[in-house]
Amino acid sequence: MSKRAHFASKFGVLMATVGSAVGLGNIWRFPYQAGENGGGTYLLLYAIAVLLIGIPAMVAEFIVGRESRSNAVGAFNKLAPKSVWSGIGYLGVFTGFIIDCYYCVVTGWTLYYLFQAASDNLLGFGVEQYADMFNAYSTGVFPPIFALLLVILFTGVIVSLGVQKGIETASKIMMPVLFLLLLVLAANSCFMEGAREGLDFLFVPDWKDLTINNALGAIGQAFFSLSLGMACLVTYSSYFKDDVSLLGTATKISVIDMSVAILSGVIIFPVVFSFGMQPEQGAGLVFKVLPNVFTQMTAGYLWSFMFYVLLFLAALTSFISITEVVVAYISEAFRMSRVKAVIITSLLFATIGSLCSLSFGPLSGVKIAGRNIFDSMDFLATNILLPLGGVLTSLFVGWRLDRKIIENQLAINSKGGYAFLKVYIFFLKYIVPAAVATVFVTGLIS
Ligand code: TRP
Numbered sequence: 003m004s005k006r007a008h009f010a011s012k013f014g015v016l017m018a019t020v021g022s023a024v025g026l027g028n029i030w031r032f033p034y035q036a037g038e039n040g041g042g043t044y045l046l047l048y049a050i051a052v053l054l055i056g057i058p059a060m061v062a063e064f065i066v067g068r069e070s071r072s073n074a075v076g077a078f079n080k081l082a083p084k085s086v087w088s089g090i091g092y093l094g095v096f097t098g099f100i101i102d103c104y105y106c107v108v109t110g111w112t113l114y115y116l117f118q119a120a121s122d123n124l125l126g127f128g129v130e131q132y133a134d135m136f137n138a139y140s141t142g143v144f145p146p147i148f149a150l151l152l153v154i155l156f157t158g159v160i161v162s163l164g165v166q167k168g169i170e171t172a173s174k175i176m177m178p179v180l181f182l183l184l185l186v187l188a189a190n191s192c193f194m195e196g197a198r199e200g201l202d203f204l205f206v207p208d209w210k211d212l213t214i215n216n217a218l219g220a221i222g223q224a225f226f227s228l229s230l231g232m233a234c235l236v237t238y239s240s241y242f243k244d245d246v247s248l249l250g251t252a253t254k255i256s257v258i259d260m261s262v263a264i265l266s267g268v269i270i271f272p273v274v275f276s277f278g279m280q281p282e283q284g285a286g287l288v289f290k291v292l293p294n295v296f297t298q299m300t301a302g303y304l305w306s307f308m309f310y311v312l313l314f315l316a317a318l319t320s321f322i323s324i325t326e327v328v329v330a331y332i333s334e335a336f337r338m339s340r341v342k343a344v345i346i347t348s349l350l351f352a353t354i355g356s357l358c359s360l361s362f363g364p365l366s367g368v369k370i371a372g373r374n375i376f377d378s379m380d381f382l383a384t385n386i387l388l389p390l391g392g393v394l395t396s397l398f399v400g401w402r403l404d405r406k407i408i409e410n411q412l413a414i415n416s417k418g419g420y421a422f423l424k425v426y427i428f429f430l431k432y433i434v435p436a437a438v439a440t441v442f443v444t445g446l447i448s
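The opening position of the sequence shown corresponds to residue 3 in our numbering, with each subsequent residue numbered one higher.
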């Protein structure tokens with residue numbers, strides 16, 4: 003058997019995993035969800051979800067990945083052969099498939115804006131015109147489909163070439179630069195006239211927004227943003243070396259990931275309020291707001307170009323990480339080459355992705371329980387399948403996996419360590435499942 007590849011450096015490990023975690027979930031989804039669900043309260047619920055549920059669940063995925071050293075489905079099969087637990091892997095592949103189908107749509111929008119920025123067609127307009135620009139584009143038929151096909155094509159090429167090469171090297175440089183750029187943009191927004199109102203919206207909770215639906219949404223967002231709940235990080239951690247600290251890595255990733263989401267909110271909301279826009283605009287929010295920022299910045303062309311390049315690459319690395327789960331499974335399970343698996347999955351993404359894209363335009367009348375096709379897929383994946391996958395993984399590690407394995411993976415060998423282990427396993431067995439189940443069930447019956 004050939005030796006499996008490893009991520010070369012610890013910084014590389016961190017940045018590659020951050021590359022999966024940081025993406026449209028932070029920069030596009032978080033602000034628009036916060037905008038629709040009462041800013042400060044949503045942020046608070048999301049932060050609690052990341053700390054209490056996200057970090058323990060992430061460590062659980064890491065344990066499964068590094069212990070089994072295999073992909074989503076293989077991992078559970080290997081650690082619990084012929085048991086129902088292997089269902090977690092299949093569930094992950096299915097969830098990844100659903101997310102891919104609509105993630106490519108938004109990645110395509112990003113590509114369009116990158117194109118507009120590069121060809122200097124983005125600056126110098128007003129609030130209304132930017133809103134019209136987005137609406138005209140996203141409700142169109144061919145242009146957004148063309149963009150998502152390009153995205154699927156790029157990804158297909160990268161994924162066919164194999165895991166490590168591109169992802170690790172690229173993320174090491176890109177992620178820190180993206181972070182710096184977001185800091186600059188956030189500072190810029192904070193100095194805007196009327197910034198205060200936007201920051202209040204984002205940071206000050208309003209208890210009337212404290213609802214079960216918001217709690218479920220925030221839990222889903224935590225899973226989505228941290229790339230949890232579909233065994234994606236199982237695949238990543240299967241490439242971690244033995245001396246990488248799982249808890250340390252999970253904590254760092256979660257903090258970085260949450261900071262990016264908050265920064266994105268700090269960039270968006272001051273603009274929303276100082277330009278008199280509405281925070282609850284749905285999926286287009288970020289795309290309508292950001293051009294206003296670049297237009298009033300000195301050297302706006304440069305900032306906008308850099309930003310959209312980085313956003314596009316951040317989206318692409320996340321998209322790749324999801325696709326990898328699906329492709330790895332299909333190529334192994336059906337014994338076909340990676341290239342063949344990529345071609346088959348890409349065709350499916352392209353077809354269903356196009357339907358998602360059209361659901362903003364010609365197919366906007368097609369509704370499932372009041373949501374269009376795109377929103378339905380997002381709701382199913384984020385609010386239902388990811389939390390389900392995350393809870394099952396936690397239960398698996400907490401109840402089924404040998405304690406010795408957990409001990410080894412967390413490199414526990416001191417008294418304090420054992421005490422921590424007890425608390426951690428308690429979290430996996432009870433707290434994570436109970437928290438998610440409570441929110442689920444209350445949501446269903448209310
Ligand atoms: N976390 C990524 C983002 O925020 C999206 C993503 C990548 C993802 N891999 C995942 C979401 C696995 C859920 C599961 O954009």
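No residue lacks a Cβ here, since even glycine has one placed at the ideal position from N, Cα and C. Here the structure is a predicted model, which means the values were calculated and not measured.
Helix, strand or coil at residue i according to DSSP, with G and I counted as helix
i: residue 29; result: helix
i: residue 264; result: helix
i: residue 166; result: Residue placement at residue 166 is flagged as unreliable, the pLDDT there being 48, under the threshold of 50; a coordinate-derived value is accordingly withheld.
i: residue 434; result: helix
i: residue 206; result: coil
i: residue 403; result: coil
i: residue 415; result: coil
i: residue 290; result: helix
i: residue 40; result: coil
i: residue 20; result: helix
i: residue 176; result: helix
i: residue 246; result: coil
i: residue 233; result: coil
i: residue 124; result: coil
Residue i CB to nearest heavy atom of ligand 1 below 6 Å
i: residue 460; result: Within the shown structure, residues of the chain are numbered from 3 to 448, placing residue 460 beyond reach of any answer.
i: residue 263; result: no
i: residue 106; result: no
i: residue 374; result: no
i: residue 103; result: no
i: residue 1; result: Nothing about residue 1 can be reported from this structure: the residues present for the chain run from 3 to 448 only.
i: residue 73; result: no
i: residue 26; result: yes
i: residue 232; result: yes
i: residue 49; result: no
Alpha-carbon spacing of residue i relative to residue j, whole angstroms
i: residue 283; j: residue 38; result: 7 Å
i: residue 406; j: residue 418; result: 16 Å
i: residue 184; j: residue 269; result: 8 Å
i: residue 96; j: residue 102; result: 10 Å
i: residue 339; j: residue 368; result: 37 Å
i: residue 314; j: residue 112; result: 6 Å
i: residue 59; j: residue 257; result: 15 Å
i: residue 378; j: residue 287; result: 18 Å
i: residue 317; j: residue 109; result: 6 Å
i: residue 3; j: residue 70; result: Per-residue confidence for residue 3 stands at a pLDDT of 38, beneath the threshold of 50, marking its modelled position as unreliable; the derived number appears in the next sentence. Taking the straight line from one Cα to the other gives about 15 Å.
i: residue 323; j: residue 198; result: 37 Å
i: residue 207; j: residue 336; result: 50 Å
i: residue 267; j: residue 194; result: 14 Å
i: residue 211; j: residue 447; result: 19 Å
i: residue 376; j: residue 161; result: 24 Å
i: residue 114; j: residue 140; result: 10 Å
i: residue 36; j: residue 265; result: 13 Å
i: residue 156; j: residue 279; result: 35 Å
i: residue 299; j: residue 289; result: 17 Å
i: residue 16; j: residue 431; result: 27 Å
i: residue 47; j: residue 444; result: 16 Å
i: residue 146; j: residue 383; result: 22 Å
i: residue 11; j: residue 55; result: 28 Å
Closer than 6 Å: residue i CB and nearest ligand 3 heavy atom
i: residue 324; result: Absence of ligand 3 from the depicted structure is noted, with ligand 1 being the only ligands included.
Neighbour-count burial assignment, residue i, 16 or more Cβ in a 10 Å radius
i: residue 219; result: buried
i: residue 326; result: buried
i: residue 370; result: exposed
i: residue 131; result: exposed
i: residue 189; result: exposed
i: residue 163; result: exposed
i: residue 28; result: buried
i: residue 305; result: buried
i: residue 123; result: exposed
i: residue 380; result: buried
i: residue 126; result: exposed
i: residue 393; result: buried
Residue i - partner residues in DSSP beta bridges
i: residue 373; result: 370
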